[in-house]
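Novice: Residue 152 is where the sequence shown starts when you use the numbering used here, and the numbers rise one by one after that.
Ideal placement from N, C-alpha and C gives every residue a C-beta, glycine not left out.
Following this message is one structure expressed as structure tokens.
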Amino acid sequence: MGDEVVEELAVQVEVAPTLRDRLSIELNTIDNVRADAVVCPQDSEFEGNTLEAELLRNKYGSESFAEARERAHEYIEGLQKIGEKGVKSLPIGYARVTKVSENDLGVRKIVHVSVDTQEVSRGEMLSVAVSNSLREASLDPEI
Numbered sequence: 152m153g154d155e156v157v158e159e160l161a162v163q164v165e166v167a168p169t170l171r172d173r174l175s176i177e178l179n180t181i182d183n184v185r186a187d188a189v190v191c192p193q194d195s196e197f198e199g200n201t202l203e204a205e206l207l208r209n210k211y212g213s214e215s216f217a218e219a220r221e222r223a224h225e226y227i228e229g230l231q232k233i234g235e236k237g238v239k240s241l242p243i244g245y246a247r248v249t250k251v252s253e254n255d256l257g258v259r260k261i262v263h264v265s266v267d268t269q270e271v272s273r274g275e276m277l278s279v280a281v282s283n284s285l286r287e288a289s290l291d292p293e294i
């Protein structure tokens with residue numbers, strides 16, 4: 152074949168972090184977790200009428216909850232404006248991220264998620280809520 156020059160090809164492979172490297176779970180009361188973000192179960196109207204919401208509101212104030220409620224109402228109004236008739240509440244598992252003020256636990260965000268079980272089974276609701284919460288958190292560069 153003659154005198155062929157064969158160059159060495161160096162390939163750098165970066166291993167993508169596994170889910171374990173990116174996500175850790177801490178068992179504690181929701182208002183005492185050290186994390187970038189906490190997930191707060193909300194009622195279907197995002198009024199903060201859950202025990203978890205009350206604990207977080209007492210710890211971090213109500214601004215995050217007011218923002219979440221406002222964004223939820225904007226979402227419903229947007230659907231109604233484009234012709235979705237009969238939309239009065241959020242879909243199961245609707246999730247949105249809001250900021251919280253600086254605090255001793257380092258929590259920077261709350262992922263608010265609707266968890267009304269009237270329309271679906273608890274298992275289906277949890278599956279959708281977890282999926283949507285993780286999706287919302289993954290879209291935020293601070294989480």
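Quick one: using the 10 Å Cβ neighbour count with 16 as the cut-off for buried, is His149 buried or exposed?
Specialist: For the chain, the structure presents residues 152 to 294; residue 149 sits outside this window and is missing.
Novice: Pick helix, strand or coil for Ala204, following the three-state DSSP scheme.
Specialist: Of the three classes helix, strand and coil, the one that applies to Ala204 here is helix, per DSSP.
Novice: Of the residues Ala186, Ile176, Leu178, which one's Cα is nearest the Cα of Asp255?
Specialist: Measuring from the Cα of Asp255, the nearest candidate turns out to be Ala186.
Novice: Can you list, in chain order, the residues of its chain with a C-beta nearer than 8 Å to that of Val162? Leave out the 5 residues immediately preceding and following it.
Specialist: Because Val162 carries a pLDDT of 43, less than 50, the predicted location of this residue cannot be relied on, and no value is offered for it.
Novice: What beta strand (DSSP E) runs, 3 residues minimum, are completely inside the stretch 223 to 259?
Specialist: Here the runs fully enclosed are 246 to 250.
Novice: Does the stretch 205 to 224 come close enough to the stretch 247 to 262 to have 3 or more Cβ pairs within less than 8 Å?
Specialist: Touching, per the Cβ criterion.
Novice: Smallest Cα separation from Ala219: which of Ser289, Gly274, Thr180, Glu198?
Specialist: Answer by Cα proximity: Glu198.
Novice: Is Ala186 helix, strand or coil when you go by DSSP?
Specialist: Ala186 falls in the coil class under three-state DSSP.
Novice: Have a look at Ala280, Leu277, Val262 and flag the residue whose alpha-carbon is nearest the alpha-carbon of Ala288.
Specialist: When only C-alpha atoms are compared, the closest one is Val262.
Novice: Can you tell me whether DSSP reads Ser266 as helix, strand or coil?
Specialist: Before going further, note that residue 266 is Val rather than Ser in the sequence given. Note: Val266 maps to coil in three-state DSSP.
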